[in-house]
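Yeah, the sequence shown ends on 460 if you go by my numbering, and it's all consecutive.
C-beta atoms are modelled at their ideal positions from N, C-alpha and C, and glycine is treated no differently.
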Amino acid sequence: MQQISSRLALLSAALFGIYVFLYPGSIILVALDRVPVWGTWMGGALLIIQGSLMGVWLIMNYGRWGVMASVLILFLAWLVEHVGATTGFPFGTYTYTDVLQPKILGIVPMAIPFAWLLIVGAAVGTSERVLEQIGRSPQIDTRVSVTKVLTAASLALLLDVTIEPFAVNINHYWVWNDSGHSTYYGIPTSNFAAWWVTSVILVLVLLNRRRAAALAHMHERPRQRARSFWPWLPLTLYLTNLTMFVLVNMARGQGMAAAIGGLILLFLGWRLLPDAVRLLMNRLGVGMEGA
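Have a look at this one:
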């Protein structure tokens, strides 16, 4: 078991290293509209890398329950996207272009379920930070509160609000066929409603699998239960993706999408920065007495 954990930790480090290496160049190339024809595959690859990283992170922290959560989210995400792309329900009528390859059954790009896994995992982690649960290890959290579910689903939706204009009008990942009644970059309102409901379901899947993992380890010592692998990763992925979409939307003239993303960043900074500073000072052994 220890050998498997070591290999998964190395895989996590490799995936995160690739992501960090590709991240700045991706922003610059897309923002300046300089992505070469041969490089269009990189957007999908980056989504798969991040989704895989989130999946490995879930396995590292929750074991077989992390495997189940990842597989369920990937399957359910593919299923709802396949139904959506073939019937128009629940998101609206849309068609995936050939930019993202390969496609599962010739319909849904493989990168899309991985994007869902990334967003759901990142949104859950970020929601817990927003709800001031920084000092509580996810492994020992057996609660699946309504507040947590709704906050995580809303954060996932807010990220999608910045993703959609980027994916549709800049990277051309899919085309909306019923955008006539939309006032937001040609994207139907039904898409965002369906996105929120789908996010609620997938967040529930993740939190329930995490709860099962926590209950199964209740017999362990508190110190052993409290260990967590890379607790900073979900928030980091949420913030780096949101920052990317803000910068690219701004550079490509999609001001409303950039402004919405910027407001989300400001809120998260206002909400989380004091805790981050306090945590850093505690780590450095800096006291506030006498200040």
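- Beta-carbon to beta-carbon, L286 and M223 are separated by about 5 Å, close enough to satisfy the 8 Å threshold.
- DSSP places T264 inside the beta strand (DSSP E), whose first and last residues are 263 to 265.
- Contact holds between the stretch 187 to 196 and the stretch 205 to 225, because three or more Cβ pairs, one in each stretch, are under 8 Å apart.
- Among the bridge pairs identified by DSSP, V277 is matched with I273.
- At a Cβ-Cβ threshold of 8 Å, I370 and E333 do not count as neighbours.
- According to the DSSP assignment, W345 belongs to the beta strand (DSSP E) that extends over 343 to 345.
- Around the beta carbon of G275, a 10 Å sphere encloses fewer than 16 other beta carbons of the protein chains shown; the residue is thus reported as exposed.
- Taking a C-beta distance under 8 Å as the contact criterion, V417 and A200 qualify as a contact pair.
- Inclusion of L243 and P282 in the CB contact set at 8 Å is warranted, their separation being smaller than that value.
- With 16 or more neighbouring CB atoms inside 10 Å of its own CB, I429 falls in the buried class.
- In the three-state scheme derived from DSSP, where H, G and I count as helix and E and B as strand, V313 is classed as coil.
- Nearest in C-alpha terms to T320, of all of Q171, E297, N340, is E297.
- If you ignore the 5 residues before and after G235, its C-beta comes within less than 6 Å of the C-beta of L227, I228, all in its own chain and listed in chain order.
- Within the stretch 190 to 229, no run of alpha helix (DSSP H) reaches 4 residues while sitting entirely inside it.
- Comparing alpha carbon positions, the residue from A183, P278, L198 closest to Y342 is P278.
- Between A427 and L406, the alpha-carbon positions lie close to 18 Å from each other.
- Taking C-alpha positions only, D267 is separated from I339 by approximately 14 Å.
- Where L376 is concerned, the enclosing alpha helix (DSSP H) starts and stops at 358 to 385.
- Annotation: W399 is outside any alpha helix (DSSP H) and is labelled neither H nor E by DSSP.
- Scanning T367, A254, N346, T352 for the CA closest to the CA of V289 turns up T367.
- Per the coordinates, the alpha-carbon of G431 lies some 34 Å from the alpha-carbon of I273.
- DSSP, reduced to helix, strand and coil, places L300 outside both helices and strands of the structure shown, so it counts as coil.
- By the 16-neighbour rule on beta-carbons within 10 angstroms, T295 is buried.
- Rounded to whole angstroms, the separation of the alpha carbons of Q219 and F361 is 23 Å.
- Residue range 233 to 256 is occupied by the alpha helix (DSSP H) that includes A254.
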